[in-house]
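Chains S and U, in that order, give the protein sequences.
The opening position of the first sequence corresponds to residue 1 in my numbering, with each subsequent residue numbered one higher.
The opening position of the second sequence corresponds to residue 1 in my numbering, with each subsequent residue numbered one higher.
Glycine included, each C-beta is placed from N, C-alpha and C at the ideal position.
Number of protein chains: 2
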Amino acid sequence: MPARPPSADAQPVFRALADPTRRAIISMLAEGPRPIAEIAAAFDMTRPAVAKHLAILKDGGIIAVEAKGRERINRLNPEALKTAADWLGHFDRFWDERLAKLKDVVERTS
Amino acid sequence: MPARPPSADAQPVFRALADPTRRAIISMLAEGPRPIAEIAAAFDMTRPAVAKHLAILKDGGIIAVEAKGRERINRLNPEALKTAADWLGHFDRFWDERLAKLKDVVERTS
DNA sequence: TTTATATGAAACCTTTTGGTATTATGTCAA
DNA sequence: TTGACATAATACCAAAAGGTTTCATATAAA
Numbered sequence: 001m002p003a004r005p006p007s008a009d010a011q012p013v014f015r016a017l018a019d020p021t022r023r024a025i026i027s028m029l030a031e032g033p034r035p036i037a038e039i040a041a042a043f044d045m046t047r048p049a050v051a052k053h054l055a056i057l058k059d060g061g062i063i064a065v066e067a068k069g070r071e072r073i074n075r076l077n078p079e080a081l082k083t084a085a086d087w088l089g090h091f092d093r094f095w096d097e098r099l100a101k102l103k104d105v106v107e108r109t110s
Numbered sequence: 001m002p003a004r005p006p007s008a009d010a011q012p013v014f015r016a017l018a019d020p021t022r023r024a025i026i027s028m029l030a031e032g033p034r035p036i037a038e039i040a041a042a043f044d045m046t047r048p049a050v051a052k053h054l055a056i057l058k059d060g061g062i063i064a065v066e067a068k069g070r071e072r073i074n075r076l077n078p079e080a081l082k083t084a085a086d087w088l089g090h091f092d093r094f095w096d097e098r099l100a101k102l103k104d105v106v107e108r109t110s
């Protein structure tokens, strides 16, 4: 077990998480895949701006884009979030010792 | 239970986590409190640059600074990281159903 | 008291970020 | 085929981020 959390390539994930609009997009896509126009309609900014955020989310592997006719369907890829969650997981023993132990059990029985 | 994760004031925390140097500082401080000079010595940048990173970490509540003589001791405050971990926790059912259930148990028996 | 040390603070610079507007392209529908 | 629609792509801009150098201040030590 390493003493410090792995840096991995967590960078594009943490970078994607740093913007509140992008976190809101993640929450929205957790409810189901959506085309760009539908996402953009929910925010007070232009569609190209939203498209840029989607590009950054895609760069972090957080969403996958699938062409469907003239639409581009954006689908959440939650596994990418695990990279960030795992990094933070190295510290959660500080605030919840019991949870850390349960996680150990879960990982051992995998 | 809300359908979407709370936005809370996760912003300063996620912002602080977005930089690799700052994440490395967090890892370092997890091993114990340190003065600025000692932290700066571990990175290939000037002390004022590191001081700026520490200011951002402090802004996110991730570290606490305590004056001790002419030194300023930086101490990790892991509870602040829980804000980010909780946000991500709303998604971890996607990648580990069992862990999510265990977390429910932990939270119910608190 | 003088000197060295630890830090704070300001000014400055370059790159990145987050947004805009505009134009171009591919696809569906009449 | 023509027109409307969904998106891509480009150029542009202001502000924030991440770094530097320089100078000031407070404390410790000689």
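Three-state secondary structure (DSSP) at residue i?
| i | result |
| --- | --- |
| residue 66 of chain S | strand |
| residue 12 of chain S | helix |
| residue 35 of chain U | strand |
| residue 1 of chain S | Unreliable positioning characterises residue 1 of chain S in this predicted model, as indicated by a pLDDT of 47, which lies under 50. A coordinate reading is not provided. |
On the DSSP letters alone, give me the boundaries of the alpha helix (DSSP H) that residue i sits inside.
| i | result |
| --- | --- |
| residue 93 of chain S | Here residue 93 of chain S belongs to no alpha helix (DSSP H), and DSSP marks it neither H nor E. |
| residue 59 of chain U | 47 to 59 |
| residue 24 of chain U | 20 to 29 |
I think residue i touches residue j, with their Cβ atoms under 8 Å apart; what is that distance to the nearest whole Å?
| i | j | result |
| --- | --- | --- |
| residue 26 of chain U | residue 72 of chain U | In fact, because the Cβ distance is near 17 Å, the residues do not count as touching under 8 Å. |
| residue 102 of chain U | residue 106 of chain S | 6 Å |
| residue 53 of chain S | residue 34 of chain S | Residue 53 of chain S to residue 34 of chain S, Cβ: 13 Å. No contact. |
| residue 81 of chain S | residue 88 of chain U | 6 Å |
| residue 10 of chain U | residue 83 of chain U | 5 Å |
| residue 42 of chain S | residue 28 of chain S | 6 Å |
| residue 85 of chain S | residue 30 of chain U | Not quite, the Cβ-Cβ distance comes to about 17 Å (not below 8 Å), so this is no contact. |
Considering just the uninterrupted stretch of the beta strand (DSSP E) at residue i, what are its terminal residues?
| i | result |
| --- | --- |
| residue 77 of chain U | Where residue 77 of chain U is concerned, there is no enclosing beta strand (DSSP E), given that its DSSP letter is neither H nor E. |
task = Please determine if the region 58 to 66 of chain U and the region 67 to 80 of chain S are in contact, where contact requires at least 3 C-beta pairs separated by less than 8 Å.
result = The region 58 to 66 of chain U, when compared against the region 67 to 80 of chain S, does not touch it at the 8 Å Cβ threshold.
ask   = Would you call the region 38 to 48 of chain S and the region 89 to 99 of chain S in contact, with 3 or more CB pairs under 8 Å?
value = Between the region 38 to 48 of chain S and the region 89 to 99 of chain S there are fewer than three inter-stretch CB-CB distances shorter than 8 Å, so the stretches are not counted as touching.
task = Could you name the residues of the region 35 to 51 of chain U whose beta carbon sits closer than 8 Å to any beta carbon of chain S, in the order they occur along the chain?
result = Residues of the region 35 to 51 of chain U with a Cβ closer than 8 Å to any Cβ of chain S: none.
inquiry  = By the 9 Å beta-carbon criterion, what residues does the region 54 to 72 of chain U contribute toward chain S?
reply    = Listed by position, the residues of the region 54 to 72 of chain U near chain S (Cβ gap below 9 Å) amount to none.
task = Could you name the residues of the region 80 to 106 of chain S whose beta carbon sits closer than 9 Å to any beta carbon of chain U, in the order they occur along the chain?
result = Listed in sequence order: 81, 82, 84, 85, 87, 88, 89, 90, 91, 92, 93, 94, 95, 96, 98, 99, 102, 103, 105, 106.
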